[in-house]
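If you're matching positions, the sequence shown starts at 628 in our numbering and goes up one per residue. Each residue gets a CB set at the ideal place from its N, CA and C atoms; glycine is no exception.
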Amino acid sequence: MSTLMMVMMMMMIMLMMLVLDVRDVNASVAATNRTCKHATNMWGDPNPNIFYVCNAADQTPLQLQCPQGRGFFNGHGHLGCLPYDQWPACRLTTEQASAQLVAGCDGQNNNTNNTNSSSRNGKQQKTIQQPWASVDPNQFYMCPGVNATPLLLSCAPGKGFVQTAQTVGCADWPQWRRQMQCEAFF
């Protein structure tokens, strides 16, 4: 490969990073892949916060991170770090997330996964049983008590929040992908 061609590929990668608003200039080489999946394109990781480009100099993958609030999505005509609320799959809709947040911790949440009604001394009491998803899969809401303001919390690094019939809580990213039916989009 000629020097001019290598310089042009590096410039193209730098331009893609600027377009994607990638600010991590100290990206590290990924240990997950020994060879590049695509010589001229990007590809994702089960962790939507991470994506890869091919280092033209030695044909090794270069691991990069999407900016805060964005995740790497590949599918439905998209390729790159999209804001989570603009993902065309693998997430709650903005309307669903807003409805859950509005219902909040007041004990009136209609989502049966989030509230439980019990009778004590003839009085109805509402208790919050489960956290619920935000649009950003790195985060979730939880109520500290009835009639409280919901807290926005983050999953531990390497985990995403899942809220399905099978799972509620922070799961590793491959599990998150399976549960959210999102394995085809990275």
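request  = Answer yes or no: do Ala760 and Gln808 have a C-beta to C-beta separation smaller than 9 Å?
outcome  = Here residue 760 refers to the residue found at position 133 when the sequence shown is read from its first residue. Here residue 808 refers to the residue found at position 181 when the sequence shown is read from its first residue. The answer is no: Cβ separation not under 9 Å.
message = Can you look up Ala683 in the DSSP assignment and give me helix, strand or coil?
response = Numbered from its first residue, the sequence shown carries residue 683 at position 56. Three-state DSSP puts Ala683 in coil, outside helix and strand.
message = I'd like the list of long-range same chain contacts for Cys797, defined as Cβ closer than 8 Å, with 5 residues on each side in sequence excluded.
response = Position 170 of the sequence shown, counting from 1, holds the residue named residue 797. These residues qualify, in order along the chain: Phe767, Cys782, Ala783, Lys786, Gly787, Phe788, Val789.
task = Under 8 Å Cβ to Cβ from Pro777, same chain only, skipping five residues before and after it: list those, please.
result = In the sequence shown, counting from the first residue as 1, residue 777 sits at position 150. Counting only Cβ-Cβ distances below 8 Å, and skipping sequence neighbours, we find Leu728, Gly731, Cys732, Tyr768, Met769, Cys770.
key: Continuous alpha helix (DSSP H) stretch holding Leu728: start and end   = Residue numbering aside, residue 728 sits at position 101 when the sequence shown is read from its first letter. Leu728 -> alpha helix (DSSP H) spans 721-730.
ask   = By DSSP, does Arg697 sit in helix, in strand, or in coil?
value = Position 70 of the sequence shown, counted from the start, is the residue given in the question as residue 697. Residue state, collapsed to three classes: strand.
ask   = How about Ala716 and His703: do their beta carbons lie closer than 9 Å?
value = Residue numbering aside, residue 716 sits at position 89 when the sequence shown is read from its first letter. Residue numbering aside, residue 703 sits at position 76 when the sequence shown is read from its first letter. Yes, the Cβ-Cβ distance between Ala716 and His703 is below 9 Å.
query = How would you label Asn674, buried or exposed, when you count the other beta carbons within 10 angstroms and need 16 or more for buried?
reply = As a first step, residue 674 must be located in the sequence shown, where it is residue number 47. Asn674 comes out buried.
request  = Compute the Euclidean distance between the alpha carbons of Asn701 and Phe813, then round it to the nearest angstrom.
outcome  = Here residue 701 is taken as the residue at index 74 of the sequence shown, counted from 1. Here residue 813 is taken as the residue at index 186 of the sequence shown, counted from 1. Computed Cα separation, rounded: 5 Å.
For Pro710, the first and last residue of its enclosing alpha helix (DSSP H) = By 1-based counting over the sequence shown, the position of residue 710 is 83. Note, Pro710: premise wrong, no alpha helix (DSSP H); beta strand (DSSP E) at 705-710.
message = Which same chain residues end up closer than 6 Å to Cys663 when comparing Cβ atoms and leaving out the 5 residues on each side of it in sequence?
response = One-based indexing of the sequence shown puts residue 663 at position 36. Hits under 6 Å: Cys681, Gln686, Pro688.
Cys809 CB to nearest heavy atom of the ligand GTP below 8 Å = Among the components modelled here there is no ligand, and therefore nothing to report on the ligand GTP.
Opening and closing residue of the beta strand (DSSP E) in which Gln766 lies = For the purposes of this step, residue 766 is taken as residue 139 along the sequence shown, with counting starting at 1. That run of the beta strand (DSSP E) goes 766-769.
query = If you draw a straight line from the alpha carbon of Ser745 to that of Arg718, how long is it in whole angstroms?
reply = In the sequence shown, residue 745 corresponds to position 118, counting from 1. In the sequence shown, residue 718 corresponds to position 91, counting from 1. Residue placement at Ser745 is poorly supported in this model, since its pLDDT is 45, which falls under 50; the coordinates still yield a value, given next. The alpha-carbon atoms of Ser745 and Arg718 are separated by roughly 31 Å.
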